[in-house]
Amino acid sequence: MVVVVLHMMPPIRHLLQRCWQRLERGLLPAVCGVQSPLWGLAPAVQAPACLPEPAAGTAESGEGPGFLGGVLWMAAPKKRRSIEVNRCRRRNPSKLIPVKRNIDVCPECGNLKLKHVLCGYCYAKVKEGGAFNAPTVESVVLYDGEKPTEKDEGKRIIERARKRPSWFIRN
Amino acid sequence: MELSLCESGWFAAGSAFPLSCIHTSTSLQKLGKWEKKNRIVYPPQLPGEPRRPAEIYHCRREIKYSKDKMWYLAKLIKGMSIDQALAQLEFNDKKGAKIIKEVLLEAQEMAVRNHNVEFKSNLHIAESLAGKGHYTKRIRLHGKGMFGIMKIVKCHYFVKLVEGPPPLPEPRKTGFDQAKEYVQQLRSRTLVHTL
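Quick mapping for you: the protein sequence lines, in order, are chains A and B. The letter at position 105 of the first sequence is residue 119 when you use our numbering, and the numbering goes up by one with no holes. The letter at position 177 of the second sequence is residue 175 when you use our numbering, and the numbering goes up by one with no holes.
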């Protein structure tokens, strides 16, 4: 995407003003060559596109945590990545889609399903209703030798032919 | 729109028909190279030749999806049997998976109907590619009055089905094999440019 500046951003304008002041004072600004015909404050001194390093200019080079450091020292790519490098990254096996090995056939309808997931077709059938409409009543489980009491009047009774497990207490 | 005039009105002999048979044939856009591959007709095979497996070429053009993302799906199903490919695509969450599944089902149906394939499961995917479609550029507005130019990307998807079971994957080269080759290379060194 190409971003075009339609109007000046305040920090860049301040930067330019300071650069120009330093130029006039004879000191080297930390950045040179920051010129663009779009900005109205383009300096008249265009010829030295990159001013030579002065002998005592090293004091200015590490501009410290000023606004200049915040605005201009940003990470940027040094070189264009070649298509070979790009391909190595994009086609690395970690980025390829892994082949799923947990696909089975639903024994009811024969459609495909994942092993740990309900069959989509059967689920849709049940959701839509029809023969699968179960009445919305409570159910009660009765084991060997148990009879339904008057509390279990309107409930659905499930009979199991085994003795009651110890953890399933009858209320 | 192709127009072909039959020049009946221009015969020098006595027939005085005006330009009557103007034959207008509308071809559905310009046929791409992949679509034309289905049209090749081989001469009949000789009795002793091994049976040439049926090849079916199918594609879908201008899919609203990125070619880079589509490539991953195309790479997934390369070399699989058609049933396995359909199973993998059914449980993949990408948008392109649904589209490729439709394309494969269409191709399978074409194979059985037009290309004399006996069993619809006896097909495997010989080639599967994704190509770049037409891009349209639009303006995307950012803050502070800035704008960027965004591309609305489209892609094509091509698939070639071949009758028969999928070919076995090549066995991977073991370290032992590589070492054997290296020793062989060392042993076959001779003196060059000498008597």
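We put the beta carbon where it would ideally sit given N, CA and C, even for glycine.
Contact annotation: A/Tyr157 and A/Arg174 have beta-carbon atoms nearer than 8 Å. In the structure shown, the three-state DSSP call for A/Met88 is coil.
In this model, B/Pro51 and B/Ser79 are separated by some 15 Å (Cα to Cα). Beta-bridge partners of A/Val155 (DSSP): A/Ile172. Contacts with chain B (Cβ-Cβ distance below 7 Å) from the segment 127 to 153 of chain A involve Leu128, listed in chain order. One thing to note: B/Leu121 has its Cβ no nearer than 8 Å to the Cβ of B/Ala95.
The C-alpha of B/Glu53 lies about 48 Å from the C-alpha of A/Lys92. Counting only the Cα atoms, B/Asp91 lies some 44 Å from B/Gln43. Nearest to B/Leu74 by alpha-carbon distance, out of B/Val157, B/Arg170 and B/Lys62, is B/Val157. The continuous stretches of beta strand (DSSP E) do not include A/Cys123, and DSSP gives it neither H nor E. Remark: C-beta atoms of B/Arg136 and B/Met144 do not approach each other more closely than 8 Å. At a cut-off of 8 Å, the C-beta of B/Leu74 has a neighbouring C-beta in chain A. Here A/Val154 is actually not in contact with A/Gly168; their C-beta atoms are around 10 Å apart, not less than 8 Å.
By the neighbour-count definition (other C-beta atoms within 10 Å, threshold 16), A/Gln31 is an exposed residue. Rounded to whole angstroms, the separation of the alpha carbons of A/Ile111 and B/Glu168 is 20 Å. Here the alpha carbons of B/Ala109 and B/Gly173 stand approximately 43 Å from one another. Separation of A/His130 and B/Leu166 (C-alpha to C-alpha, rounded to the nearest whole angstrom) is 30 Å. Bounds of the alpha helix (DSSP H) holding A/Ile97 are Ile97 to Arg104.
B/Trp32 and B/Gln183 have their C-alpha atoms spaced approximately 43 Å apart. A direct Cα-to-Cα measurement between B/Asp66 and A/Val119 gives close to 32 Å. If you look at B/Glu33, you'll find it in the alpha helix (DSSP H) that goes Lys31 to Lys34.
In the same chain as B/Glu161, and ignoring 5 residues on each side of it, the C-beta atoms closer than 7 Å to its own belong to Pro51, Ala52, Val115, Asn120 and Leu121, in chain order. Using a Cβ-Cβ cut-off of 8 Å, A/Ile97 does not count as an interface residue toward chain B, since no Cβ of chain B sits closer than that to its own.
With its beta carbon at least 8 Å from every one in chain B, A/Leu156 lies outside the interface. Under DSSP, B/Glu125 takes part in a beta bridge, and its partners are B/Lys158.
Counting every other CB atom within 10 Å of its CB across the protein chains shown gives A/Cys133 a total of 16 or more, marking it as buried. With the criterion set as a beta carbon lying under 9 Å from some beta carbon of chain A, the members of the segment 62 to 87 of chain B are Asp66, Trp69, Tyr70, Leu71, Lys73, Leu74, Met78, Gln82, Leu84, Ala85 and Gln86, in sequence order. Leaving aside the five residues that flank A/Val140 on each side, the residues in its chain whose CB is nearer than 8 Å to its CB run, in chain order, Phe146. Any Cβ of chain A closer than 8 Å to the Cβ of B/Phe174 would place that residue at the interface, and such an atom is absent. Looking from the CA of A/Thr163, the closest CA among A/Arg184, A/Leu86, A/Arg94 and A/Arg105 belongs to A/Arg184. Excluding residues up to 5 positions away in sequence, Gly30, Trp32, Glu33, Val101, His154, Tyr155, Phe156 and Val157 lie with their Cβ nearer than 8 Å to the Cβ of B/Cys57 in the same chain. By the neighbour-count criterion, in which 16 or more other beta carbons inside 10 Å mark a residue as buried, A/Trp87 falls on the exposed side. Burial is judged here by how many other beta carbons sit within 10 angstroms of a residue's own beta carbon; B/Lys130 has fewer than 16 and is exposed. Closer than 8 Å to the CB of A/Ile111 there is at least one CB belonging to chain B. Not a single CB atom of chain B sits nearer than 8 Å to the CB of A/Lys161. Using a 10 angstroms sphere on the CB of B/Leu87, the tally of other CB atoms reaches 16 or more, which defines it as buried.
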